[in-house]
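Mapping of the sequence shown onto mature numbering (1 follows the signal peptide of the UniProt record, and there is no 0): residues -23 to -1, 1 to 936, in sequence order. Ideal placement from N, C-alpha and C gives every residue a C-beta, glycine not left out. I have placed the structure first, in the form of structure tokens, so that the comments after it can refer back to it.
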Amino acid sequence: MRVCFQITSFLLSVNFCCQPLRAQDPSCCHHAAEFTPCKEACDQLATIKSESRLKHLLQRLPGYCPESMNELWMCINSTLPGVSRKSDGWVGLGCCELAISAECRRECRQATSKNDITKVCKKVTENSLYSCITKNEMGSTCCSYAGRHTTCRDYCQAIFRTDSTPTVSQINAVKDYCQSHGAQLLSCVSNFTKSYPIRSPIDSLYCCDRAEATHCQVACRQILRTMSTEHEIMEGLIKECGSQPLPQEPMWQCFLGSAHPPSPPEEETPHPAKMDCAKLHCCSKANTSLCRDMCQEISTNWGSQTWQDFDQLCEYNPVETELINCLADVREPCQLGCKDLSYCTNFNNRPTELFRSCNVQSDQGAMNDIKLWSNGTIKMPVMNIPVLDIRKCLPDMWKAVACSLQIKPCHSKSRGSVICKSDCVDILTQCGDKKRFHDGLTPERICELLSPIDDPERCIPLHRYLMPSSLGNSIVEEVIHPCNPNPCPSNHLCQVNRKGCLDELNCQPYLCVPGCKLGEASEFLVQQDARIQVPTRTGPAGCYEVCSCGPSGRLENCVEMPCVDTNKPCIVGGQRKSHGTSFRIDCHTCSCFAGDTICSTRECLGFSNSDDDHRHFTGLPCSCPDRFVPVCASNGRTYPSACVARCMGFKDHQFVFGQCRLSNPCANKPCQRNQRCIPKYRACLSDSSDCLQYECVGRPAACDKNSVEPACDTDGLVHPNLCQLQQAGKTLAYMGHCQDACRKPQQVCGHNGETYSTVCDAFSDRVAVDYEGPCHAVGVVSDGAPDSACSSVPCPALSTPGCRPVTPPGACCPICASMLQILWNKEQMNTFSKLNKNKPVTVHDVLQILRLYVSVPQCDVFGYLSIDHELVVLIAPVDHQPTPLQIEACSKEAEKIDSLINYSSPTLVSHVPLSAFLTSEIKTSSIHSSGGSPPSPLPLVLCFLLGLLVTAAPGLQPL
């Protein structure tokens, strides 16, 4: 049984280790002439120059060449001096590519044991490498019990050659082929699969709070966050806390007790030991009571059953697609980009495609699958599929299948990872061993069960991966993925560094941010200080609580929300719409929420053909005139006229004439004498509390020196953070590094109808620029309306020739970006505000969270509240002359977020306030294939609108 931060020391059991080594004499291989797999593996020895690769192959050679081939092994022993049967072979070689630093990768390849790499490969930064080595050590131990039984060893090793949860088919294969070879192997594998994933040391952070000395508490948290083995942790705690592990001391009692948890007293109800709130979010999506109950049971009390049991019953149930895809989002979220694969090479150089599991372990897993399938049977949870020799029958197609199932391309529309039905039928028609088909099975019936989809936008078309990517390395570098693979420790989130660095020499394009797991058995992390909505442990579906991610690494300060009646339908046009369903009524986007139909408020032209109706239709709310006579409403939003403000529900006393940002909220001196009034303009999505446009702050006694959130003052000087700027008595100009081009005021109009003094000011407000100069016009928000109000606005040139742009609602000028129009629930926003001490929920809050979901530095998030109260989000390239590949990457990022919203994926909707999102509509930009003339010089304003390039390389300074 795996216990709190207990890392078992495994004895390595690799059959052959060599020192020194030289190339294998090919004459040995004639002893394997009658056994093709062994002959092929043996022949490779003669071509290998690298000692580390030679050792690696020799370690795996018994898997191809049985030990009963005495003549072969005697020849190898005599040809390679120093070969001997040892138990200290280096099992970490296959993990070396997971190392983050080049120096660590190089050291790993040359090492002979784990001890050789510890000085160069630091565990705090090379967590993936050490996790892989630990897993390989475990696999080496378990699979050594197979002895000479090659097939059993192969199936055993398949369990340990992937970084995802072992599948039911893999586990069953071990049971089938190893049953007669040793109970020890089955027990060893069973212990691993039942406890996967490995529990992290940070699961014991709560024990640190029981230390009596404050310095010991601080040291304890640091040790558990940075060290991984039991030995290191124990030594560190003894050194820092100055005491031996005595059971009478509260801290040690906690650690020792969590390692061997005592039975609770009879009068106490034991708290569920392991919960996974992220997966529990998904359980309500089940369509069958069996799968729903199993999902809830495992998610709230992990250990009573396993996900392998669940997968066997539910993974291939066609009515549970939404549930399975939701669980896949939690286990392996879709990420842009794939590279550095050595077996599935056709998947490399695809920076704008989404994959769930592009990594070295999955690459090796695909290679191992092909080897297993070569035995003539593909073992699935629901059936075994007999096939012909796949090494001769469509081998490239089978490789594409294996790689697709391991690397898992995922399309934003379905998020599933199944191959297309036509490909499935084609490959089984040609390569299925029909003589061994049972129970009337046919390729069509098999594929109807395993791959029922044939829409290329919702399944994986194999032809795409039968050839390498058309992109070269130089083009691929236009879009980078700093967090893929993940360079951070297991208890930290990786985020794109959009803040820049004050120390340019040590600047990385990513940040590692401390996080919390969504439950004891969860691997899904949220960042520290985030507010998270999670289902209650015992309540019915629709009951949630809002928690915060605390410094202990756990969710804390949880407050229950009012339950939502998810069983209450909406009646629309005589039809029932279930909770969470989205639909359209005329031109409106609508969603059913607990029996209430919530719709957008855009104006519809309808089907009227009368000239009078067309003449009076302006495309603005209530068909208000398109004159720009702005008013500032109580929610901090500027509306183009009093007519529009009234149409959106504001009374005359709730707005004043003029733009919000041109007023001085500190003019009436609202703060106390010992406080300073700082303007803080914001548009609020909640209205349960006042939307104050200022903040009262005292002069801080001390600032956090480690906090880096650059702020530029009105003198053009940058400060590490806003606190230090205020401590210096300066006035904030805008957040971000100071830019020379913004030293002089040059007014621009933002998409939110506000006039900004500089483009830097707009950018730091997360608002993209519509046109140069002060705001003086309003664009339409509904289709079919005239745009005469914008006819006098000189729009800047598009950033990329040939771009098919979008025009945001209410804006005058098109922009080369992708756009989401999000319908949201105001009552939920108000609930979140009340639960957070009546702090208003703002547009800026939402945009800052959404930025975390954009994984490439070449794209960033802008947005505003439209005048008809939809939330408009733009995913725009940040380069002032973006390439077609960068525009495509931004479109894919937008499609990914749109999909997460519309499918209510817990990876997104667990974040407060994003959980108030109901549905999203998307419009993406693309490039005409014909290209165009070379880009013309752009106005300065547009360069800054989409640019001031964020940290794509060390030293670049974003706003």
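Cβ neighbours of V606 within its own chain (closer than 6 Å, five residues either side excluded): S618. The shortest CA-to-CA distance from K411 to any of V456, I437, G353 is the one to G353. Distance from the CA atom of P462 to the CA atom of S78, rounded to whole angstroms, is 12 Å.
Counting only the Cα atoms, I899 lies some 17 Å from C780. Secondary structure within the region 742 to 802: the beta strand (DSSP E) runs of 3 or more consecutive residues, fully enclosed, are 746 to 749, 795 to 801 (chain order).
Between K96 and Q87, the alpha-carbon positions lie close to 14 Å from each other.
Separation of E434 and K348 (C-alpha to C-alpha, rounded to the nearest whole angstrom) is 30 Å.
When DSSP reads this structure, P429 sits in no beta bridge, so it has no partner. No residue range can be given for C668, since it is assigned to no alpha helix (DSSP H) and is classified by DSSP as neither H nor E.
Looking at the DSSP output, K657 shares a beta bridge with no other residue.
The beta carbon of C185 sits closer than 6 Å to those of Q194, C197, R198, all from its chain and outside the five residues before and after it, given in chain order. Only exposed fits K369, as fewer than 16 other CB atoms lie within 10 angstroms of its CB. Of the candidates D93, M51, C397, D93 places its Cα closest to the Cα of L70. For L488, no alpha helix (DSSP H) encloses it; the enclosing beta strand (DSSP E) starts and ends at 487 to 494. Cβ contact annotation for R269 (same chain, cutoff 6 Å, sequence separation greater than five): C260, A263, in chain order.
Check the Cα spacing between F332 and each of A255, I437, V296, I275: the tightest is with I437. S568 is bridged by DSSP to S559, I575. In terms of Cα proximity to G124, the closest of C661, S887, L162, E533 is L162. Between the region 839 to 851 and the region 782 to 796 there are three or more inter-stretch CB-CB distances shorter than 8 Å, so the stretches are counted as touching. According to the DSSP assignment, S897 belongs to the beta strand (DSSP E) that extends over 894 to 900. For V608, the uninterrupted beta strand (DSSP E) run begins and ends at 608 to 610, by DSSP. Annotated as distal: H753 and Y841, with beta-carbon spacing of 9 Å or more. Beta bridge pairing from DSSP links I275 with no other residue. For I878, the enclosing alpha helix (DSSP H) stretches over residues 861 to 879. DSSP, reduced to helix, strand and coil, places K721 outside both helices and strands of the structure shown, so it counts as coil. Within its own chain, the residues whose Cβ lies closer than 6 Å to the Cβ of C165, once the five positions on either side in sequence are excluded, are C119, listed in chain order.
Beta-bridge partners assigned by DSSP to M444: none are found. Taken in chain order, the complete alpha helix (DSSP H) segments of 4 residues or longer contained in the region 326 to 357 are 337 to 350. Between the alpha carbons of C648 and C72 lies a distance of about 59 Å. Ranking F169, N168, C133, T170 by CA distance to the CA of D153 puts C133 first. Per DSSP, P363 is one residue of the beta strand (DSSP E) stretching across 361 to 363. According to the DSSP secondary-structure assignment, F12 is paired through a beta bridge with no residue.
Inclusion of G496 and M252 in the CB contact set at 9 Å is warranted, their separation being smaller than that value. For Q724 and C680, the gap between their C-alpha atoms comes out near 33 Å.
Boundaries of the alpha helix (DSSP H) around R308: 298 to 308. The closest CA to that of D317, considering only P363, H458, R308, is found on H458.
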